[in-house]
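Chains as they are written, first to last, in numbering that gives the first Met the number 0: chain A, 0 to 149; chain B, 0 to 149. What follows is a set of notes on a single structure, which appears directly below.
Number of protein chains: 2
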Amino acid sequence: MAKRVSHRDSMCGVARPLDAIGDWWSLLIVRDAFDGLRRFGEFQKSLGLAKNILSARLRNLLAHGIMETVPAADGSAYQEYVLTEKGRGLFPLLVALRQWGEDFFFEPDEAHVLLVDRKNGLPVRRLELRAQDGRVVGAEDTMVRLPSAS
Amino acid sequence: MAKRVSHRDSMCGVARPLDAIGDWWSLLIVRDAFDGLRRFGEFQKSLGLAKNILSARLRNLLAHGIMETVPAADGSAYQEYVLTEKGRGLFPLLVALRQWGEDFFFEPDEAHVLLVDRKNGLPVRRLELRAQDGRVVGAEDTMVRLPSAS
DNA sequence: CTCGGGTGGTTTTAATTTGAAACCATCGTG
DNA sequence: CACGATGGTTTCAAATTAAAACCACCCGAG
């Protein structure tokens with residue numbers, strides 16, 4: 000972890016999160032956690048990764064406060080891994096990733112899982128970024144501004 | 000690349016994109032591309048990564064159709080790297096990553112760059128996921144549904 | 001033309017990370 | 001208490017990443 004950022008000490012708002020979840024597996028673990036998985040063995044079976052890797056990834060997610068361990072759920076003395084609020088904050092990112100995947104990584108006729116409204120089973124809308132005035136804005140309509148100079 | 004997905008051949012809608020951009024650097028390159036960077040040297044200077052790594056990442060982004068090379072911009076015989084439509088489709092994901100980073104990786108008083116509306120300089124709103132009926136929905140309000148069985 | 005610096009890489013080699021498998025401690029049930 | 005399941009850690013080989021050296025090409029000055 001903690002790949003060095005060589006040319007500047009303070010990482011930007013995009014790079015900093017990537018230090019916490021910038022590897023293949025972490026996001027998949029988080030996604031599985033959203034799907035209700037909680038136990039070490041469940042994650043391992045679902046993702047099919049080596050136990051030492053899962054162990055390291057969970058440790059990292061814990062260290063970053065994205066997941067936490069809770070004592071039990073079914074009374075047994077084992078612990079379970081659940082998302083913190085910070086972890087649950089990754090939901091939009093996962094949706095964005097999923098929608099991008101659906102757009103560009105599946106053939107038009109290829110079946111894939113859908114993210115649907117629990118209430119009525121209808122697919123959710125597309126993620127949209129809006130300006131203060133409510134306009135939907137794309138990359139061309141935005142820019143990054145440095146922190147207001149002191 | 001192409002880390003093997005051991006337990007199931009067909010990767011899900013989240014895992015498949017991660018194969019293309021699931022490493023630290025690729026997303027940062029894409030972000031820089033959104034910021035207008037185009038040349039090999041620009042990316043290298045901005046990100047401060049080894050040239051062989053940048054070379055490999057750009058090759059990977061090209062192979063996945065996320066970026067493409069265009070002959071020139073200022074007449075010189077060099078080539079430049081620009082986002083394809085697929086690459087531009089990553090904008091919501093980058094915004095989601097940035098907003099999550101702002102929420103949880105910065106002290107409340109810590110200065111950071113803002114994503115603002117080009118038109119009036121105001122910060123953009125928060126990304127929102129809406130259901131068909133327009134309700135803003137969170138993770139608890141949604142579920143994944145398997146492709147409608149044949 | 002040719003010298004020299006800037007650009008855009010590739011090659012080489014070492015260090016780090018990943019992954020598979022074996023090992024081990026604890027839990028929980030019969 | 002025995003025994004399988006759970007939840008890891010350790011060990012070691014393989015793959016990836018990174019730093020640095022090297023190299024080819026473009027391009028302007030002389």
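The C-beta atom is built at its ideal place from N, Cα and C for all residues, glycine as well. Predicted model, so just to flag it, every value in this text is computed and none were measured.
DSSP places E67/B in the uninterrupted beta strand (DSSP E) bounded by 66-69.
In this chain, R56/B is not harboured by any beta strand (DSSP E); it is covered by the alpha helix (DSSP H) spanning 50-62. Using beta-carbon distances, M66/A does not count as an interface residue toward chain B, since no partner is under 8 angstroms.
Within 7 angstroms of the CB of E106/A, no CB atom of chain B is found; the nearest one sits about 12 angstroms away. Comparing alpha carbon positions, the residue from Q78/A, P70/A, A62/A, V135/A closest to G86/A is A62/A. Setting aside the 5 residues that flank it on each side, F105/B is surrounded in the same chain by H111, each with a C-beta closer than 8 angstroms to its C-beta; the list follows chain order.
Only residues of its own chain outside the window of five on either side were considered, and among them L61, V81, T83 have a CB closer than 7 angstroms to the CB of E67/A, listed in chain order.
By the C-beta density criterion, D116/A is buried, having at least 16 other C-beta atoms within 10 angstroms. Within chain A, the residues placing a beta-carbon under 7 angstroms from that of F103/B are K85, G88, ordered along the chain. Assigned with DSSP and collapsed to three states, D34/B falls in coil, not helix or strand. The beta carbon of R144/B falls within 8 angstroms of a beta carbon belonging to chain A, placing the residue at that interface.
Around P122/A, the same chain offers L113, V115 as residues with beta carbons nearer than 6 angstroms, after the five sequence neighbours per side are excluded. When DSSP reads this structure, Y80/A sits in a beta bridge with T68/A.
Between A19/B and the set E139/A, R38/A, W99/A, L46/A, the nearest pair of CA atoms involves W99/A. Not flagged as an interface residue toward chain A: L36/B, since no C-beta distance is shorter than 8 angstroms. Residues are counted here when their Cβ sits less than 7 angstroms from a Cβ of chain B; for the region 128-143 of chain A these are L128, R129, A130, Q131, V136, G137, A138, D140, T141, M142, V143, given in chain order. Contact check for L96/A against L145/B fails: the beta carbons are separated by 8 angstroms or more. Using a 10 angstroms sphere on the CB of E139/B, the tally of other CB atoms stays under 16, which defines it as exposed. Distance from the CA atom of G133/A to the CA atom of K44/B, rounded to whole angstroms, is 36 angstroms. Within the same chain, F42, S45 come within 7 angstroms of L36/B by CB-CB distance, once the 5 residues on both sides are set aside. Under the Cβ criterion of 8 angstroms, K118/A is counted among the residues facing chain B. Within its own chain, the residues whose Cβ lies closer than 8 angstroms to the Cβ of A72/B, once the five positions on either side in sequence are excluded, are R37, E79, listed in chain order. Nearest CB-CB separation between L121/A and chain B: below the 8 angstroms threshold. With a threshold of 8 angstroms between beta carbons, V69/B makes no contact with chain A. Following the DSSP letters along the chain, one finds R144/A inside the beta strand (DSSP E) bounded by residues 141-144. Sequence-distant Cβ neighbours of V94/B in its own chain, meaning closer than 8 angstroms and more than five residues away, are L114, V123, L126. When DSSP states are grouped into helix, strand and coil, E41/A belongs to the helix group. Looking at the DSSP output, P122/B shares a beta bridge with V115/B. Rounded to the nearest whole angstrom, the CA to CA distance from L57/A to F39/B is 36 angstroms.
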